[in-house]
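Taking numbering that gives the first Met the number 0 as reference, the numbering of the sequence shown is continuous, increasing by one, and the terminal residue is 355. Scroll down for the structure; my scribbles are underneath it.
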Amino acid sequence: MSELKNDRFLRALQRQPVDRTPVWMMRQAGRYLPEYRATRKQAGSFLDLCKNAELACEVTMQPLRRYPMDAAILFSDILTVPDALGLGLYFEEGEGPRFRKTVRSEEDLAGLNSFTADDDLAYVMNAVRTIRAELNGKVPLIGFSGSPWTLATYMVEGGSSKDFANVKGMAYDKPALMHGLLSLLADAVADYLAAQIRAGAQAVQIFDTWGGSLSAAGYREFSLAYMQRIITRLQGQPETRDVPVIVFTKGGGQWLTSIADCGAQGVGIDWTTDIALARAEVGDRVALQGNMDPSMLFASPARIREEVASILAGFGHGSGHIFNLGHGITPGVNPDHVTAFVDAVQELSPQYHLGD
Ligand code: CP3
Numbered sequence: 000m001s002e003l004k005n006d007r008f009l010r011a012l013q014r015q016p017v018d019r020t021p022v023w024m025m026r027q028a029g030r031y032l033p034e035y036r037a038t039r040k041q042a043g044s045f046l047d048l049c050k051n052a053e054l055a056c057e058v059t060m061q062p063l064r065r066y067p068m069d070a071a072i073l074f075s076d077i078l079t080v081p082d083a084l085g086l087g088l089y090f091e092e093g094e095g096p097r098f099r100k101t102v103r104s105e106e107d108l109a110g111l112n113s114f115t116a117d118d119d120l121a122y123v124m125n126a127v128r129t130i131r132a133e134l135n136g137k138v139p140l141i142g143f144s145g146s147p148w149t150l151a152t153y154m155v156e157g158g159s160s161k162d163f164a165n166v167k168g169m170a171y172d173k174p175a176l177m178h179g180l181l182s183l184l185a186d187a188v189a190d191y192l193a194a195q196i197r198a199g200a201q202a203v204q205i206f207d208t209w210g211g212s213l214s215a216a217g218y219r220e221f222s223l224a225y226m227q228r229i230i231t232r233l234q235g236q237p238e239t240r241d242v243p244v245i246v247f248t249k250g251g252g253q254w255l256t257s258i259a260d261c262g263a264q265g266v267g268i269d270w271t272t273d274i275a276l277a278r279a280e281v282g283d284r285v286a287l288q289g290n291m292d293p294s295m296l297f298a299s300p301a302r303i304r305e306e307v308a309s310i311l312a313g314f315g316h317g318s319g320h321i322f323n324l325g326h327g328i329t330p331g332v333n334p335d336h337v338t339a340f341v342d343a344v345q346e347l348s349p350q351y352h353l354g355d
């Protein structure tokens, strides 16, 4: 495969010297871009878009044509795994993701399909291979999965949830059933990420969007332990050992010391965390990714630039920071405000790497 021309993102993940802070955005391909909406229309639906390697590649590339991002992220969704397990994923306009079936009993758990990523999510691996070829070494490609806990929230609730009544009820009241589901998901996710790496992903991120809904003890037991299991599995196989892992727990700011122990090279932080404090706590062990409030993109370009400056100053001098938002970009954002965001990181960050 072609040589990587821009390895800032991978170097920063290993806390090796870089000329400036690398930047990419969670959900960088998406509805805020008119060209994304056009391609999605062409595909028919969001799921058809995910299943078509050429179109998934096209939307992965769209943000890179507009902005000098330092990484590409596979265009797919975390819910492809529960879909392949047999739950029947669909999207109701304006209502978010839904499943035809839920997992709330031992029988439901036993009824899930057996899963092999290379066979059951072959369309994702095709997309990874197509994107790697198209990138031709321009920037690294990030693969991803949901965390077992976050996938479980959708599988037990049957879709998005505000209070997580069913899934948290199950965790706290029927822990054996919950652990059965989470073990199955950890096996599936480890296999899924390994398959993405074999297909060409050069780093992988585990999105733990709902880990922050748990208690501190609940987080360690039901979320962190399973992400750790996945990372240990990846680090135990020669073909996946050297590929860095980023763990992003939204709402995990108060648990950074335990998260930094899970074996990941990078830890994503949301915008509620002070990046200076996060660096003081765990910056000697992991790279930090984040953490501008996605809503800051609704402010003026001047205000966005100020915020970027303040986050860069908060992290301070040296490598180990990957600039990102603190969560995915919101659909209504003006694409020109993203230009202001990325330009500010490019222009203001070199001073923090001088002499390295
Ligand atoms: O970052 C990227 O650009 C890569 C693509 C990506 C998508 N989803 C595309 C997508 C990634 C990494 C995800 C992850 C994902 N999906 C998460 C974890 C990250 C996070 O943001 O918390 C979660 C919880 C999901 C589940 C999911 N899929 C939701 C809640 C939605 C939104 C539903 C809605 O209508 O608002 C989706 C759909 C989805 N995934 C879209 C995109 C671009 C929008 C689909 C569309 O309408 O075109």
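Ideal Cβ positions, reconstructed from N, Cα and C, are used throughout, including at glycine. Owing to the predicted nature of the structure, the values given are computational and were not obtained by experimental measurement.
Candidates the options, of which the one nearest residue i by Cα
i	options	result
MET24	PRO62, GLU53, TRP148 and GLY179	PRO62
GLY217	PRO174, LYS137 and THR20	PRO174
TYR31	GLU105, ALA55, PHE247 and THR329	THR329
TYR35	GLY331, TYR351, VAL341 and LYS161	GLY331
TRP209	GLU57, PRO81, ARG240 and PRO147	PRO147
VAL123	ALA109, ASN165 and THR79	THR79
GLY179	PHE45, GLU105 and PRO33	GLU105
GLY157	ARG99, ARG284 and ASP292	ARG99
ARG232	VAL188, ARG219 and GLY250	VAL188
HIS352	PHE314, ARG39 and PHE45	PHE314
ALA301	GLY168, GLN15, ALA343 and VAL155	ALA343
ARG65	PHE340, GLU91 and THR20	PHE340
VAL266	ILE205, GLY317 and ARG219	ILE205
LYS40	LEU9, TRP254 and VAL58	VAL58
PRO33	ALA55, GLN350 and PRO334	PRO334
ALA14	VAL285, ALA198, ASP292 and ILE141	Inspection of the sequence shows that residue 14 is occupied by Arg rather than by Ala. Among VAL285, ALA198, ASP292 and ILE141, the Cα nearest to that of ARG14 is on VAL285.
LEU255	ALA42, ARG219 and GLY29	ARG219
THR129	GLY199, GLU94 and THR115	GLY199
GLY317	GLY211, ARG278, SER294 and LEU324	ARG278
ARG131	CYS56, THR149 and LEU181	CYS56
VAL22	PRO16, PHE45, LEU46 and ALA70	ALA70
ASP117	GLU94, ARG26, PHE45 and ARG197	ARG197
VAL203	PRO16, LEU150, GLN264 and ALA28	GLN264
Nearest-angstrom Cα separation, counted from residue j out to residue i
i	j	result
PHE322	ASP186	30 Å
GLU305	LEU296	12 Å
GLY354	ASP18	9 Å
ALA11	ASP107	43 Å
PHE221	TYR153	15 Å
VAL244	ALA126	20 Å
VAL242	PRO139	11 Å
LEU213	ILE258	14 Å
LEU287	SER348	15 Å
ASP82	VAL102	12 Å
THR248	ASN290	12 Å
ASP395	ASP269	No answer is possible for residue 395: the residues shown for the chain start at 0 and end at 355.
ASP6	ASP172	46 Å
ARG97	SER144	18 Å
GLU346	THR20	10 Å
GLY168	GLY250	20 Å
MET226	LYS4	31 Å
SER299	THR338	12 Å
ASN135	LEU54	17 Å
PHE8	GLY142	14 Å
GLN350	VAL155	48 Å
ASP292	LEU324	6 Å
GLU2	LYS137	9 Å
GLN201	ALA37	29 Å
GLU91	ASP283	44 Å
ALA42	ALA170	38 Å
ALA224	ILE230	10 Å
ALA109	GLY319	43 Å
ARG26	VAL166	25 Å
SER44	THR115	25 Å
Residue i at chain D interface by Cβ criterion, 9 Å
i	result
GLY199	Included in the structure is just one protein chain, with no chain D present.
Whole-angstrom C-beta distance between residue j and residue i, which should lie under 8 Å
i	j	result
GLU133	MET60	6 Å
LEU176	LEU111	Their Cβ separation, rounded to whole angstroms, is 13 Å, which puts LEU176 and LEU111 out of contact at 8 Å.
HIS326	ILE303	16 Å between Cβ atoms; not a contact.
VAL246	CYS261	6 Å
Query raised in the report: If we count Cβ pairs, one from each stretch, closer than 8 Å, do we get three or more for the stretch 85 to 99 versus the stretch 66 to 75?
Result: As far as the Cβ criterion goes, the stretch 85 to 99 does not touch the stretch 66 to 75, which means the pair count is below three.
Query raised in the report: Can at least three beta-carbon pairs, one atom from the stretch 225 to 241 and one from the stretch 186 to 197, be found at a separation below 8 Å?
Result: Flag = yes, the stretch 225 to 241 and the stretch 186 to 197 touch.
Report task. Counting only runs of 4+ residues fully inside the stretch 148 to 175, write out the alpha helix (DSSP H) ranges in chain order. Result -> Taking 4 residues as the minimum length, the alpha helix (DSSP H) runs contained wholly in the stretch 148 to 175 are 164 to 172, in order along the chain.
Query raised in the report: Using 8 Å as the threshold, is the stretch 44 to 64 in touch with the stretch 153 to 172, meaning 3 or more CB pairs across them?
Result: Taking one beta carbon from each stretch, the stretch 44 to 64 and the stretch 153 to 172 have fewer than 3 pairs nearer than 8 Å; the two do not touch.
Query raised in the report: Would the stretch 271 to 285 and the stretch 308 to 317 be scored as touching if the rule is three or more Cβ pairs under 8 Å?
Result: Touching, yes.
Requested in this report: Mind listing, in chain order, the continuous beta strand (DSSP E) runs of no fewer than 3 residues lying wholly within the stretch 76 to 143?
Outcome: Annotation: the stretch 76 to 143 contains the following complete segments of the beta strand (DSSP E) (minimum length 3 residues), in chain order: 88 to 91 and 95 to 98.
Query raised in the report: At what residue ranges does the stretch 312 to 351 contain a whole run of the alpha helix (DSSP H), taking only runs of 4 or more?
Result: The qualifying runs are 334 to 347.
Requested in this report: Only counting runs of 4 or more residues, tell me where the alpha helix (DSSP H) segments fall wholly within the stretch 8 to 89, in order along the chain.
Outcome: Assignment of alpha helix (DSSP H) within the stretch 8 to 89, counting only whole runs of 4 or more residues, yields 33 to 42, 45 to 50 and 52 to 65 in chain order.
Query raised in the report: Going along the chain, which unbroken runs of the alpha helix (DSSP H) with 4 or more residues stay wholly within the stretch 196 to 246?
Result: The stretch 196 to 246 contains these whole alpha helix (DSSP H) runs: 224 to 234.
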